[in-house]
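For reference, the structure is listed below as C-alpha cells.
2 protein chains.
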Amino acid sequence: MPVLVMKFGGTSVATLDRIRRAAKRVGVEVAKGYDVIVIVSAMSGETNKLVGYVEETSPLFDAREYDAVVSSGENVTAGLMALTLQEMDVPARSWQGWQVPLMTTSAHSSARIVDIPTENITRKFGEGMRVAVVAGFQGISPEGRITTLGRGGSDTTAVAFAAAFDAERCDIYTDVDGVYTTDPRICDKARKLDRIAFEEMLELASLGAKVLQTRSVELAMRYKVKLRVLSSFEEQSDEAGTLVCDEEEIMELNVVSGVAHSRDEAKMTLISVADRPGIAAAIFTPLSEAGINVDMIVQNISEEGRTDMTFSCPTNQVARAEEALKKAKEAGEINFHDLVADTNVCKISVVGIGMRSHTGVAAKMFKVLSDEGINIKVITTSEIKISVLIDRKYMELAVQALHDAFELEKAA
Amino acid sequence: MPVLVMKFGGTSVATLDRIRRAAKRVGVEVAKGYDVIVIVSAMSGETNKLVGYVEETSPLFDAREYDAVVSSGENVTAGLMALTLQEMDVPARSWQGWQVPLMTTSAHSSARIVDIPTENITRKFGEGMRVAVVAGFQGISPEGRITTLGRGGSDTTAVAFAAAFDAERCDIYTDVDGVYTTDPRICDKARKLDRIAFEEMLELASLGAKVLQTRSVELAMRYKVKLRVLSSFEEQSDEAGTLVCDEEEIMELNVVSGVAHSRDEAKMTLISVADRPGIAAAIFTPLSEAGINVDMIVQNISEEGRTDMTFSCPTNQVARAEEALKKAKEAGEINFHDLVADTNVCKISVVGIGMRSHTGVAAKMFKVLSDEGINIKVITTSEIKISVLIDRKYMELAVQALHDAFELEKAA
C-alpha cells in the first residue's frame, strides 16, 4: 500500500483532545488506503519545560544528557497517539528513535540523520499494522546514546521518513493553514499559495516565514519529497494547505511568489577599510569564529584603496560582532576607520522562481519603494530573490506596496 | 572499587532542589571510594500524570503503549541527576533501561527482570566514571519494546542492580527514616529498628508497613543483598536508617520485632459448608479466578459433616468475592447455608524471627488482648508471625497494648 507521512507539531498535540483530532485525520488517510507513518512532537510546552530543567540544573550542560532529557516529551505523545488510534480500531504502535533505529551523527542537540532502516516498520505494515507512530526530533548516535536533531527536528524527521519509505507525500500539520504570499498580519490581501517551489520555500523560510524548518525543506528538495503544509485545526480536503514541491510540478510559475520581511536584522558598516585582496576573509573569519550569523554582505565602491564594508546580522548578535571586530582591529588583523551599527532596519525580500526567466523585477521593486518615499540602504540579490534593508518604520508600508504592485492577491 | 547502589524515590527527586540534595548524598559516597549506581524514580506526580493521560485516552489500554508512555518520567530524572552530579564535578552519565539493557519478560506493566548485563557500566567505571544513573522501573522485552516492572518497580530495579554488580549495599532513600516497631502515628513509643531480618521485613511489608515493596525484599533475600532504608530528608550517618539483612547479621534476634496493622481487611464467612475432601479447592478456585487476594483462611471445627469456612480479603474486593461465590453456588460447585461479610475488622500481627526459638508469644498476645477486653475473631500463625482479626475500633488500643507488653520501645 502507498505510504503517507503525517507530522503533527506541538500545538496540534497539545492536549488529549487535540491528539484525538489529529488521530481522526490519520484515520481518514488510513481509510483511503494509505499505510501511514505519523511523526509527533512533544505536547506544546513540554520540551520547553524540560529544557528549563536542564538549563537550571547545569548552565553548561552535557549535551548527551540534555538530549536524553528533552527527547522524552515526544515519547509520551507517540504512545498516546498510538493508544488513541487503537481506540478508533486503527492498528497502530509507537516507535521511539532507538527502536527504529533512526541513526544519527554524534553531534548531540544538533545531530544529522544518517540512516533510517525501513525493515521493522515495513514488516509491521505487512502484518496488518496501519499506522507507525514515531517520536520526532530524536535518534541514536553510533555510541548508542540518544541524540536530538535540534529545533524543528520533527519536520526533518518527517521528511527523512518520507524519503526512506518513498512516501507519496509528507503532510506537515501545524497551526497555520499554509504558506502565504506575505504575512497576513501585515497585509490583509495576503493570499494562501496552493503550490510553491522548494527553492522559493527555502528563501521564504530563511527569511522568517517560520512555517517549515529550512533543513526539512532542503531535505525534501534533495529527495524530491512532496511536502504539504496544512492546518490541524480545520476540516481538510485533499487540496488544503500549500504543497511545497519541485518546480516542474507547478504549472504556472509565479514571477514573484511572495514578499517576506524580517525585523530581526541589524546593519553594520565598517567605514574606510583597506581595500586589498583577502580583506573580506580577514573581516568575516573572526565574525564566523564568534558565531555571528552574517546574512547580507555588500562591499561599496572603492576609492583610493579604501572601501566601506556593510553586512547584516541578527539584532541580538550586534554586541558580539562589535567585540569580535574590535579585537581583530587591536590584533592588527584588520583596519577600519569606524564601525557603525544600525539596529533600526528591517529586511524586505521578494521571492519568485519565475525571476530566473523574467527581467525587470528588481527595477520594479526599487520603483515601488521609491514611489513610497522609502530609502533603500542595502541591496542583495540571488537568482530567485531580491532583498533590501530599509528603515524599520517602513516595513508594513513596503510589504503592502510590493504585494499590491506584484498583484500577489491574484492566483497565477 | 566497591559498588554501592543508591535508590531515590519520587518524593526524594520531586524538585531540582531535591535532586541536588540527593546528588550531594551520592557525592559523599563517591568520596568514600565507592563506584555508585543510582536508581531514580520519576519526579513525584509525573508518573501519575502520565498514567492519567493513558487511562483517559484508552480505558482498556495496550499495555505496551502504557509502558512506553509512563516510563518516560524516570528518563527525565536520570538525565537531570547525571547533569547535577556533573555540575558537582562527579563523573556521571545516565542509562535508560534499553541502554543497559535491562532485560525483562514480556509481561508489560508487571514485567519481571530476566538479566542485567554488567559489561557496559563496569567498563565505564573502569574509564573513570564514578556514577551510573539508571532510570528505575523500566526495561525491555525480548521483542525490544519498553516494559515496566509495576508499582514499586524502582526498588526492585535497585535490588536487582545490587545483586548483578555484587554491591556492598543497596540504600533505599525515601521519605521515612527507617522501619519502626510499629506505626508511629498510632503508638508514640514506636522505635526505629537498626536492623531487621528479611523474613520479618517481608511480613511487615505485606502487612501494610509500606516502606519497601515486597518484591524487592524477596529479591534482596534471595541474593543476600544488604538493603538499607533511610530518609533523604535528614543528614545521614553510616548508621542511619534500618538495615534489612540476613538474620545471621543480626546479633540479638528479637523475639518480637514489630506490631503491624492493616485496616484494609474484611472477614467473610461461609456458613455450613459441606465438609468433604476438595471443598477448600472448590471455594478458593473461583475466588482466585476472580482475582481476589485471599489472605487468612480458617476452617472451623466440623460438626456432622458441615463446617464454617472463614477467610479475609481486601475490603474493596468483598463485592466481587460475594459474586464469585454465589455464582459457584448456583453452578452447583459449592454448597453453603449463608455468606456473611464483616468489613468492620482489622488485622493485627506481631512479627519476630526469634519466635522460631521462643514459645509463649501467641499465649502472651492473646492474654494482652483479652485483658483489654478485645475479642479475637480469627487467628492465623506462621513461623515468625501471629495475626488476628479484631473489631476495627480496637485497632489503636491493640497496637499500643502489644507494643507495651513486648517492650518494643527498648532496643534488644
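Taken in sequence, the protein lines are chains W and V. Sequential numbering from 0 applies to the first sequence in numbering that gives the first Met the number 0. Sequential numbering from 0 applies to the second sequence in numbering that gives the first Met the number 0. Glycine included, every Cβ here is placed at the ideal spot set by N, Cα and C.
Classified as exposed, alanine 279/V has fewer than 16 neighbouring CB atoms from the shown chains inside 10 Å of its CB.
Under the rule that a run must span 3 or more residues, the beta strand (DSSP E) segments found entirely inside the region 87–140 of chain V read 91–94, 112–114, 130–134, 137–139. Shortest Cα-Cα distance from asparagine 47/W to any of Asp61/W, Ser71/W, Ala281/W, Ile38/W involves Ser71/W.
Glutamate 199/W counts as buried, since no fewer than 16 other beta carbons sit within 10 angstroms of its beta carbon. At least one CB of chain W lies nearer than 8 angstroms to the CB of threonine 83/V.
Note on geometry: alpha-carbon atoms of aspartate 174/W and valine 210/W lie some 9 angstroms from one another. In its chain, beyond the 5 residues on either side, Gly72 have a beta carbon closer than 7 angstroms to the beta carbon of glutamate 45/V. Checking the DSSP bridge columns, you'll see glutamine 298/W partnered with Met308/W.
In this structure, the CA atom of threonine 241/V is about 18 angstroms from the CA atom of glutamate 28/V.
Serine 386/V: member of the beta strand (DSSP E) spanning 384–390, first to last residue. Per the Cβ contact rule, the region 49–66 of chain V is in contact with the region 137–150 of chain V (3 or more Cβ pairs under 8 angstroms).
In the DSSP annotation of this structure, histidine 336/W is not part of any beta strand (DSSP E), being labelled neither H nor E. Within 10 angstroms of the beta-carbon of leucine 3/W lie 16 or more other beta-carbons, which makes it buried.
Nearest neighbour of alanine 265/W by Cα position, chosen from Gly127/W, Ala259/W, Cys312/W, Lys363/W, turns out to be Cys312/W. Checking the DSSP bridge columns, you'll see phenylalanine 7/W partnered with Val39/W, Tyr172/W. Between methionine 102/V and alanine 22/V the beta-carbon gap is near 28 angstroms, outside 8 angstroms, which marks them as no contact. The shortest CA-to-CA distance from alanine 327/V to any of Leu82/V, Gly149/V, Thr358/V, Pro285/V is the one to Pro285/V. A contact is defined here as three or more CB-CB pairs under 8 angstroms, and the region 79–93 of chain W fails this definition with respect to the region 79–86 of chain V. Rounded to the nearest whole angstrom, the C-alpha separation of valine 255/W and leucine 218/W is 24 angstroms. For arginine 19/W, the enclosing alpha helix (DSSP H) starts and ends at 15–30. When secondary structure is reduced to three states using DSSP, tyrosine 52/W falls in the helix class. Boundaries of the alpha helix (DSSP H) harbouring methionine 364/V: 360–370, taken from the DSSP string. Between the region 111–129 of chain V and the region 120–136 of chain W there are fewer than three C-beta pairs closer than 8 angstroms, too few to call the two in contact. For glutamine 98/V, the closest Cβ of chain W is nearer than 8 angstroms.
Close to chain V, meaning a Cβ-Cβ distance shorter than 9 angstroms, are the following residues of the region 54–66 of chain W: Glu55, Thr56, Ser57, Pro58, Leu59, Phe60, Asp61, Arg63, Glu64, Tyr65, Asp66. Taking the C-beta atoms as reference points, aspartate 337/V is found nearer than 8 angstroms to isoleucine 270/V. Membership of valine 216/V in the alpha helix (DSSP H) is indicated by the continuous run 213–222.
Counting C-beta pairs with one atom in each stretch, the region 182–193 of chain V and the region 398–407 of chain V have three or more that are closer than 8 angstroms, which means they touch. Below the 7 angstroms Cβ cutoff, chain W contributes Glu64, Ala67, Val68 as neighbours of glycine 78/V, in chain order. The three-state secondary structure of glutamate 142/V, taken from DSSP, is coil. Here the alpha carbons of leucine 252/W and serine 356/W stand approximately 10 angstroms from one another.
The C-beta of serine 93/W comes closer than 8 angstroms to at least one C-beta of chain V. Between glycine 143/V and chain W, the shortest Cβ-Cβ separation is below 8 angstroms. Against asparagine 74/V, the close residues of chain W are Ala67, Val68, Ser70, Ser71, Asn74, Ile145, in the order they occur along the chain (beta-carbon pairs closer than 9 angstroms). The DSSP-derived three-state label of aspartate 66/W is helix. Distance from threonine 156/V to glutamine 212/V at the Cβ level is roughly 10 angstroms; contact not present, criterion being Cβ atoms closer than 8 angstroms.
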